[in-house]
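Asks: Taking this note's numbering, the leading residue of the sequence shown gets 20, the next gets one more, and so forth.
Ideal Cβ placement from N, Cα and C applies to all residues, glycine included.
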Amino acid sequence: MQYKHRKLIWQIFPANLVIILGAMLAVTCYVSSAVQNFYYQQMTSVLEARAYLIKGQVNELLSSSNIDALRSFVRRSGRDARTRITVINLDGDVLADSNEDPDIMESHKTRPEIVSAYGGIPGSSIRFSNTLQENMLYVSVPLLQNDYSSGTIAETIGQVTGVLRVAIPVTVIKQTLRDIQTKIAFGAIAVILIAALITFLVSRRISKPLEEIKQSAERYSRGDFNQGMSLQKSEFASLEVVALADAMNRMAAQLNERIRTIIQQRNELETVFSSMSEAVIAVDCEERIIRLNDAAAIIFCVDQKEAQGKLIQEMIRNVDLQRQIKEILVSFNPLQDEIISLDGQQKRFLQTNGVPLNDGSGKNIGVLMVLNDVTRMRRLENVRRDFVANVSHELKTPITSIKGYVETLLDGAMENAEDATNFLKIVVKQTDRLYAIIEDLLALSKIEKEAEENEVVLELGSVRQVLESAVQTCRIKAEGKHISVAIQCPDDLQANMNPTLLEQALVNLVVNAIKYSHDDSEVVVRAEEGCRADGRREVIISVEDSGIGVAQHHLPRLFERFYRSDQARSRKLGGTGLGLAIVKHIAQAHGGNVSVQSEEGKGTTFFITLPVSYIISACCVAAMQHAVFTLYL
């Protein structure tokens, strides 16, 4: 049941007002009753005094049996005193009456005041008068034989000869009492109004500081701690209220400090949580997502706000991840494992670390999963394995050949001069091949080291001169296959470059084009200026042939060390498998990149893209570090 609460002033003021009204009503009733009783007693005493004033004369006239004189005296005295006077004998007959004819009046023997007076005791009563047809206050005193003075009752007992009764209408008394009661009522109303006003002011004085405390508490509940309570300066506030305000001010200051600390810590945790490269997912005991960071949202392609409160099975459809979460929820033990997530057509390898999630009291409330993307590491491991296998294979082949022919010579082939000469020529050829591999490895290592240490010196120079030098170097090889090498480049085209390294890269590309081109064909070396998407200018150098081409599935790995799209043909043509890798790292050392377009049977085109203005920066150094790391894994 919901109760409707009222303001404090409307709890104090009405209650006090009711108390005041009740008290004043009780006092008024009591005072009215007391005044009425007092007035009746006073009137009774007054009437009794009036009776005693004429008692002697009445008694004297009654003793002399002068009834006419008695009646005349009674009428005259009653008129002067404005009081009804009646004289009754012991038989109850009315002997004289100031207002009525006594001869026609009925017996008064049974009247209560008369009965009391017969016993020698003054009596009084208020009752309806049948004679006058109105309520009257009657007071009667006994008439004693030979009593002309005010003797005591004890001396005259048994000597009663009649009764003297005096009376006045009650209407007069009631009118007087009504006037008195009206004055009392108006006084009570005035007192009630004044008391109500004072009570209201006192209630307001009590409730106002509490209302200020309530308003301050509402500000505190909204997080506004800038304005505190200032009841210390208020003369209306009581000691308890001021103490309460001081306590709330201290509480507000502590809350403000703690809230600031909590907000700061939350922001710091939020920053750390959001900036973590590892994916973090928090799940409750019902397998509903409590929170996930940006990295997790990107990996699993979900919306952070939409995912909160949803089942993990609904938002992340990875069976292995779901299984690990269930296992941790059942066993409450940490778990390390690995899962695979599909990123389009590519596999993403994720190392998972899951621990039970506990609250401050140690109660388990879910699971915290941290997923580290180890895809690059896996790829680097694959590259390392391929590199080790390829370099071992490339070095093993000439060494095995050299070893075999040397052993053949030692076994007696040296005695045959012609065979010995042929074998030695083969040994020299394999030695040259081994030397070329080592030379290319050293060249590649040197390029990477210079790029890493920012030792590659770039200068603004003519691109055409570099192209002509590279083509001139390859002229003999081209003439051997009757291949023409054409240059298409503006004379004024310039770029920031290292001429020696760029020439080496172009020589590798042109030699490669000549090797895989048909006889009597043409190789085109072209350079032109282009524009990037961000508006920066760049120089694009391309080497195009119309040779055998490269299958599409080989293109992504074409610039890896010792990677051959056609191993038998490449070795037959004398390649080391490092030429394109050297080209790639020379382009990266210039702040550019290398790419390839090819169609099997129709030729291949290699592109080197160089920025027009380039300064070796941290991103280039990072790229070189990555290259060095990849090479030596």
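#1: Of all the options 556, 528 and 570, which has the alpha carbon lying nearest to the alpha carbon of residue 563?
#2: Where residue 646 and residue 243 are concerned, what is the direct C-alpha to C-alpha distance, given to the nearest angstrom?
#3: Tell me the start and end of each unbroken alpha helix (DSSP H) in the region 527 to 586 that is at least 4 residues and wholly inside, in chain order.
#4: If you run the structure through DSSP and keep just helix, strand and coil, what is residue 241?
#5: Can you tell me which of the three DSSP states residue 623 falls into?
#6: For residue 275, name the three-state secondary structure that DSSP assigns.
#7: According to DSSP, is residue 180 part of a helix, a strand, or is it coil?
#8: Residue 524 to residue 599, Cα distance in whole Å?
#9: What residues are listed by DSSP as bridge partners for residue 368?
#10: What does residue 115 pair with, by DSSP beta-bridge criteria?
#11: Applying the 10 Å Cβ sphere with the 16-neighbour rule, what's the burial state of residue 537?
#12: Below 8 Å on the Cβ atoms is my guess for residue 70 versus residue 183; work out the distance and round it to an integer in Å.
#13: Taking residue 310 as part of the beta strand (DSSP E), name the residues at either end of that continuous run.
#14: If you draw a straight line from the C-alpha of residue 449 to the C-alpha of residue 420, how long is it?
#15: Around the Cβ of residue 53, are there at least 16 other Cβ atoms within 10 angstroms (buried) or fewer (exposed)?
#16: Excluding the five sequence neighbours on either side, which residues of its own chain have a C-beta within less than 6 Å of the C-beta of residue 173, listed in chain order?
#17: What first and last residue would you give for the beta strand (DSSP E) that runs through residue 433?
#18: Cβ of residue 361 within 8 Å of Cβ of residue 298?
#19: Quickly, what does DSSP pair residue 507 with across the bridge? List them, please.
#20: Relative to the C-alpha of residue 143, which candidate in 374, 372 and 161 has its C-alpha closest?
#21: Can you tell me the Cβ-Cβ gap for residue 232 and residue 263, rounded? I've got them flagged as a contact below 8 Å.
#22: May I have the straight-line CA-CA distance separating residue 283 from residue 292, to the nearest angstrom?
#23: Tell me whether residue 298 counts as near the ligand HEM, meaning its Cβ is closer than 7 Å to at least one heavy atom of that ligand.
#24: Would you mind working out which of 130, 104 and 135 sits nearest residue 121, comparing C-alpha positions?
#25: One question on the structure: do residue 281 and residue 306 come within less than 8 Å of each other, judged by their Cβ atoms?
#26: CA-CA distance, residue 109 and residue 179?
#27: Pick helix, strand or coil for residue 446, following the three-state DSSP scheme.
#28: Please report the residue range of the alpha helix (DSSP H) in which residue 96 lies.
#29: Under a three-way DSSP split, which group does residue 387 fall into?
#30: Alpha carbon to alpha carbon, how far is residue 212 from residue 78?
#31: If you draw a straight line from the C-alpha of residue 485 to the C-alpha of residue 336, how long is it?
#32: What are the boundary residues of the beta strand (DSSP E) that includes residue 478?
#33: Take residue 187 and list the residues in its own chain whose beta-carbon comes closer than 8 Å to its own, dropping the five residues that flank it on each side.
#34: Hey, how far is the Cα of residue 82 from the Cα of residue 193?
#35: Tell me whether residue 597 sits in a helix, a strand or coil according to DSSP, three-state version.
#36: Looking at the strands, I want to know which residues DSSP matches up with residue 153.
Replies: For this structure:
#1: 528
#2: Unreliable positioning characterises residue 646 in this predicted model, as indicated by a pLDDT of 37, which lies under 50. The coordinate reading is nonetheless provided below. Roughly 56 Å between the two C-alpha positions.
#3: none
#4: coil
#5: strand
#6: helix
#7: strand
#8: 8 Å
#9: 359
#10: 106
#11: exposed
#12: 5 Å
#13: 308 to 311
#14: 7 Å
#15: exposed
#16: With a pLDDT of 37 at residue 173, under the threshold of 50, the modelled position of that residue is not reliable, and no figure is offered here.
#17: Here residue 433 belongs to no beta strand (DSSP E), and DSSP marks it neither H nor E.
#18: no
#19: 545
#20: 161
#21: 7 Å
#22: 14 Å
#23: Although the ligand HEM was asked about, the structure shown includes no ligands whatsoever.
#24: 104
#25: no
#26: 8 Å
#27: helix
#28: 86 to 100
#29: strand
#30: 57 Å
#31: 55 Å
#32: 478 to 481
#33: 62, 66, 101, 102, 103, 155 and 156
#34: 37 Å
#35: coil
#36: 148
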